[in-house]
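> Before I ask anything, let me first share the structure, which is written out below as structure tokens.
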Amino acid sequence: MFQKTGVLFHHGIPSPVEITRAATASDEDGSRSLPNDGLTPRQQANAIRSIGLEPFLIGMPESGIARKWDYLRAVTHAYSGLGLPILISLELQAVENPAAAPGEGHAPRTPRSLGFHAVTAVGHRLEAVEAGAVKDDGPRLTATRLSRIFVHDDQAGPFARLWFHNNHIQTALPPRDNGDVVVAEPRHVIVPLYHKIRIPFDNVYRAVSDFDSAYNSFVLFLQSRDVRCAGTPLEWTIRLESVQGLKERFLAEMPDAVSSVRAAMSRLLTRNMPKYLWCCRASNGGLPMAELLYDATGLVQGSFFYDAFARHKLMEGFSAAAESPQAPENIRRSPDCLAVLRAIRQHKV
Numbered sequence: 001m002f003q004k005t006g007v008l009f010h011h012g013i014p015s016p017v018e019i020t021r022a023a024t025a026s027d028e029d030g031s032r033s034l035p036n037d038g039l040t041p042r043q044q045a046n047a048i049r050s051i052g053l054e055p056f057l058i059g060m061p062e063s064g065i066a067r068k069w070d071y072l073r074a075v076t077h078a079y080s081g082l083g084l085p086i087l088i089s090l091e092l093q094a095v096e097n098p099a100a101a102p103g104e105g106h107a108p109r110t111p112r113s114l115g116f117h118a119v120t121a122v123g124h125r126l127e128a129v130e131a132g133a134v135k136d137d138g139p140r141l142t143a144t145r146l147s148r149i150f151v152h153d154d155q156a157g158p159f160a161r162l163w164f165h166n167n168h169i170q171t172a173l174p175p176r177d178n179g180d181v182v183v184a185e186p187r188h189v190i191v192p193l194y195h196k197i198r199i200p201f202d203n204v205y206r207a208v209s210d211f212d213s214a215y216n217s218f219v220l221f222l223q224s225r226d227v228r229c230a231g232t233p234l235e236w237t238i239r240l241e242s243v244q245g246l247k248e249r250f251l252a253e254m255p256d257a258v259s260s261v262r263a264a265m266s267r268l269l270t271r272n273m274p275k276y277l278w279c280c281r282a283s284n285g286g287l288p289m290a291e292l293l294y295d296a297t298g299l300v301q302g303s304f305f306y307d308a309f310a311r312h313k314l315m316e317g318f319s320a321a322a323e324s325p326q327a328p329e330n331i332r333r334s335p336d337c338l339a340v341l342r343a344i345r346q347h348k349v
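Throughout the sequence shown, residue numbering follows UniProt numbering, covering 1 to 349 in sequence.
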């Protein structure tokens, strides 16, 4: 885990003994310096702080409209954009293997807890399927197409798989003696962050949700006036990127981009941009529509929107019509949405 953050943030790489010593240095509960039961979330956070990074703990929703596995996908996909190792805390459970269960009428055994376990996410796999929403009324996210997360697991080895199947997270751990398979329930995630990365995923997700809702209202507004357009629903890719990574991506995309997009990228490439940004790319059926940039080093209490530009004429039309008196009210009422649309218009000039 710390090998990767050492490359990203230029800190020393502690040994396993040094990590454990730093994790347990401030414990006053009488626990052993080499805990047999593993490290608690507080101890994991202490180890991260010892190398000069900030531990950002993200709890998984217990219930409600945001499901645990979709939220885990979203968070993992978002923060892995910067190449960050993501510590995932799981509760392991033994459940009856459906393939080995008796026939119809059999009542499956109650899942049995096997305790807690932590793994480090190092990669993922996206499937070519339709994207879904993390929340029932939220935007569609590319992250929901994650079928597998590859993790470093000290019980199963490097590049072990966690995969999503039948509302469970399947693990690479071997079956139990009675044939039960080992599944996992996510409890929390800890992301080691550079201290100036202040804006969390949830805040950016809410900003994108507001813009997506306003865009959908605009499309319905056009359709109510018999204007044919197929611009909804959008699929959003939300990822944390460094300014260096963003500029390298722009340079790679510019040769194939249309002139208006090349011009917008060129203007951004010459700016003094924040060191870290949240990059939110909208697409429809694989066709790029827009890109929204948020300053990851900004303050939650203020506006952290940075810039935006259109990648499709429909999005340019949205920006032009948004301030019209006939535009849907939820567009004109949202200062953040209007700021995005003004930025898109400025790049069009």
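Heads up, the beta-carbon is just placed ideally off N, CA and C, and yes, glycines get one too.
Please state whether the Cβ-Cβ distance between F211 and V75 is less than 8 Å.
Translated into positions along the sequence shown, residue 211 becomes position 211. Translated into positions along the sequence shown, residue 75 becomes position 75. No, the Cβ-Cβ distance between F211 and V75 is not below 8 Å.
> Pull up the distance between the alpha-carbon of W69 and that of H168, whole angstroms please.
Working through the sequence shown from its first residue, we reach residue 69 at position 69. Working through the sequence shown from its first residue, we reach residue 168 at position 168. Approximately 8 Å, taken between the alpha carbons.
> Looking only at its own chain, which residues have a Cβ that is under 6 Å from the Cβ of G123, when we skip the five neighbours before and after it?
Along the sequence shown, read from residue 1 onward, the residue named residue 123 stands at position 123. Excluding sequence neighbours, G123 sits near F150.
> Does the distance from the C-beta atom of F116 to that of S147 stay below 8 Å?
Looking up residue 116 in the sequence shown gives position 116. Looking up residue 147 in the sequence shown gives position 147. Not a contact, by the Cβ cut-off of 8 Å.
> Could you tell me the distance, in whole angstroms, from the CA atom of G12 to the CA atom of E130?
To locate residue 12, count along the sequence shown from 1; it is residue 12. To locate residue 130, count along the sequence shown from 1; it is residue 130. Taking the straight line joining both Cα atoms gives about 42 Å.
> Do you know how far the Cα of V183 is from the Cα of P14?
Position 14 of the sequence shown, counted from the start, is the residue given in the question as residue 14. Position 183 of the sequence shown, counted from the start, is the residue given in the question as residue 183. Distance between the alpha carbons of P14 and V183: 31 Å.
> According to DSSP, simplified to helix, strand and coil, what is F211?
Counted from its first residue, the sequence shown places residue 211 at position 211. Residue state, collapsed to three classes: helix.
> According to DSSP, is A322 part of a helix, a strand, or is it coil?
Sequence index remark: in the sequence shown, residue 322 carries index 322 (1-based). If DSSP states are grouped into helix, strand and coil, A322 belongs with coil.
> Note the first and the last residue of the continuous alpha helix (DSSP H) segment covering I48.
Here residue 48 corresponds to residue number 48 of the sequence shown, with the count starting at 1. It spans 41–49 - the alpha helix (DSSP H) in which I48 sits, taken as one unbroken run.
> Would you kindly work out how many angstroms separate the C-alpha atoms of F250 and D307, rounded to a whole number?
Position 250 of the sequence shown, counted from the start, is the residue given in the question as residue 250. Position 307 of the sequence shown, counted from the start, is the residue given in the question as residue 307. Those two C-alpha atoms are separated by around 14 Å.
> What does the alpha-carbon distance come out to for the pair F309 and R161?
The residue labelled residue 309 in the question sits at position 309 within the sequence shown. The residue labelled residue 161 in the question sits at position 161 within the sequence shown. About 37 Å.
> Suppose the cutoff is 7 Å on Cβ atoms and the five residues either side in sequence are ignored; what does the same chain contact list for G298 look like?
Numbered from its first residue, the sequence shown carries residue 298 at position 298. If we look at G298 and ignore the five residues flanking it on each side, its Cβ neighbours are R198, I199, F304.
> Can you list, in chain order, the residues of its chain with a C-beta nearer than 7 Å to that of I65? Leave out the 5 residues immediately preceding and following it.
Residue 65 sits at position 65 when you count from the first residue of the sequence shown. Here I65 scores only 43 on pLDDT, less than 50, and its place in the model should not be relied on; the value that follows carries that caveat. Excluding positions up to five away in sequence, the list reads K135, D136.
> Below 8 Å on the Cβ atoms is my contact criterion, and I expect W236 with C280 to pass it. Report the Cβ-Cβ distance as a whole number of Å.
Mapped onto the sequence shown, residue 236 falls at position 236. Mapped onto the sequence shown, residue 280 falls at position 280. Indeed, because the Cβ distance is near 6 Å, the residues count as touching under 8 Å.
> Going by Cα to Cα distance, which pick from R271, L277, H312 is closest to A290?
As a position in the sequence shown, residue 290 is number 290, starting the count at 1. For the residues R271, L277, H312, the minimum Cα distance to A290 belongs to H312.
> Between S242 and the ligand MG, is the CB less than 7 Å from at least one heavy atom?
By its list of ligands, the structure shown contains no ligand whatsoever, and the ligand MG lies outside what it can speak to.
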